[in-house]
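*Asks:*
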Amino acid sequence: MFDMVNKYQNLVRHIIRKKTGAVNLDLEQEVFVRLWQKHETYREQGKEKSWVCVITNNICIDYFKSKFFIHERNASEIPENLADGMPNPEDMYSAAQRQKIVLHAVNKLPKKLKQVIVLQEFEGLSQDEIAQRLKIPVGTVKSRIFTARQKLADELKFLL
1 MFDMVNKYQN LVRHIIRKKT GAVNLDLEQE VFVRLWQKHE TYREQGKEKS WVCVITNNIC
61 IDYFKSKFFI HERNASEIPE NLADGMPNPE DMYSAAQRQK IVLHAVNKLP KKLKQVIVLQ
121 EFEGLSQDEI AQRLKIPVGT VKSRIFTARQ KLADELKFLL
């Protein structure tokens with residue numbers, strides 16, 4: 001089996017990178033475990049290389065169907081590592097921490113300021129829609145948004 005790893009590691013890595021867009025060592029390992037498990041059932045009707053390609057492709061398909069992949073795809077945007085285009089675990093942790101800090105800062109705002117920021121930034125309403133919903137003048141909405149952003153900038157300047 002060790003010979004198969006040496007012989008096909010580059011091929012498996014290439015297929016996984018092509019299918020998923022990044023090096024995924026977990027998928028690589030899963031491919032070689034599956035090859036080891038199914039090696040007894042392999043019939044030498046075709047090339048061994050083709051068999052390895054089929055198994056690698058099937059592992060990638062299973063990955064895209066997995067709950068983990070679907071959850072990650074539906075999760076909020078996470079900063080990407082510029083080197084390989086895929087999220088870095090450290091960046092994922094950092095983004096989650098930053099999000100908690102920002103939400104905490106928004107929650108600390110006075111109620112009137114928090115209302116307009118939440119409506120604009122989280123619900124995507126325009127200033128006119130916010131004014132209509134809160135039954136206040138548009139100028140007041142603009143003023144509250146400006147003040148809220150200033151307070152958030154002061155509170156969160158350490159993140160920059």
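Residue numbers are given in our numbering: position 55 of the sequence shown equals residue 55, and the series is strictly consecutive. Even glycine gets a Cβ: it sits at the ideal position worked out from N, Cα and C. The structure displayed is predicted, hence computed values, not measured ones.
(1) Following the continuous alpha helix (DSSP H) through G139, name the residue where it begins and the one where it ends.
(2) Would you mind listing the alpha helix (DSSP H) stretches within the region 114 to 138 that are 4+ residues and don't spill past its ends, in chain order?
(3) Could you give the residue range of the alpha helix (DSSP H) that holds L159?
(4) What did DSSP end up calling E28 once you bin it into helix, strand or coil?
(5) Classify F122: buried if its beta carbon has 16 or more other beta carbons within 10 angstroms, exposed otherwise.
(6) Per DSSP, what kind of secondary structure is E40 in: helix, strand or coil?
(7) Assuming R144 and L113 are in contact, meaning their beta carbons sit under 8 Å apart, how far apart are those beta carbons, in whole angstroms?
(8) If I follow the unbroken alpha helix (DSSP H) through S66, where does it start and stop?
(9) Using only the alpha-carbon positions, how far apart do Q29 and Q9 sit?
(10) Going by beta carbon distance, what residues of the same chain come within less than 8 Å of C60, once the five residues before and after it are set aside?
(11) Spatial neighbours of P137 within its chain, please: CB distance less than 7 Å, with the 5 preceding and 5 following residues excluded, ordered by chain position.
(12) Quick one: is the Cβ of N6 within less than 7 Å of any heavy atom of the ligand FAD?
(13) How would you label T41, buried or exposed, when you count the other beta carbons within 10 angstroms and need 16 or more for buried?
*Replies:* So, from the data block:
(1) V138 to L156
(2) 127 to 134
(3) Looking at the DSSP string, L159 is not in any alpha helix (DSSP H), and its letter there is neither H nor E.
(4) helix
(5) exposed
(6) helix
(7) 5 Å
(8) Unbroken run through S66: none, as it is neither H nor E.
(9) 10 Å
(10) I15, I16, K19, T20 and L27
(11) A131
(12) With respect to the ligand FAD, the structure offers nothing, as it holds no ligand at all.
(13) exposed
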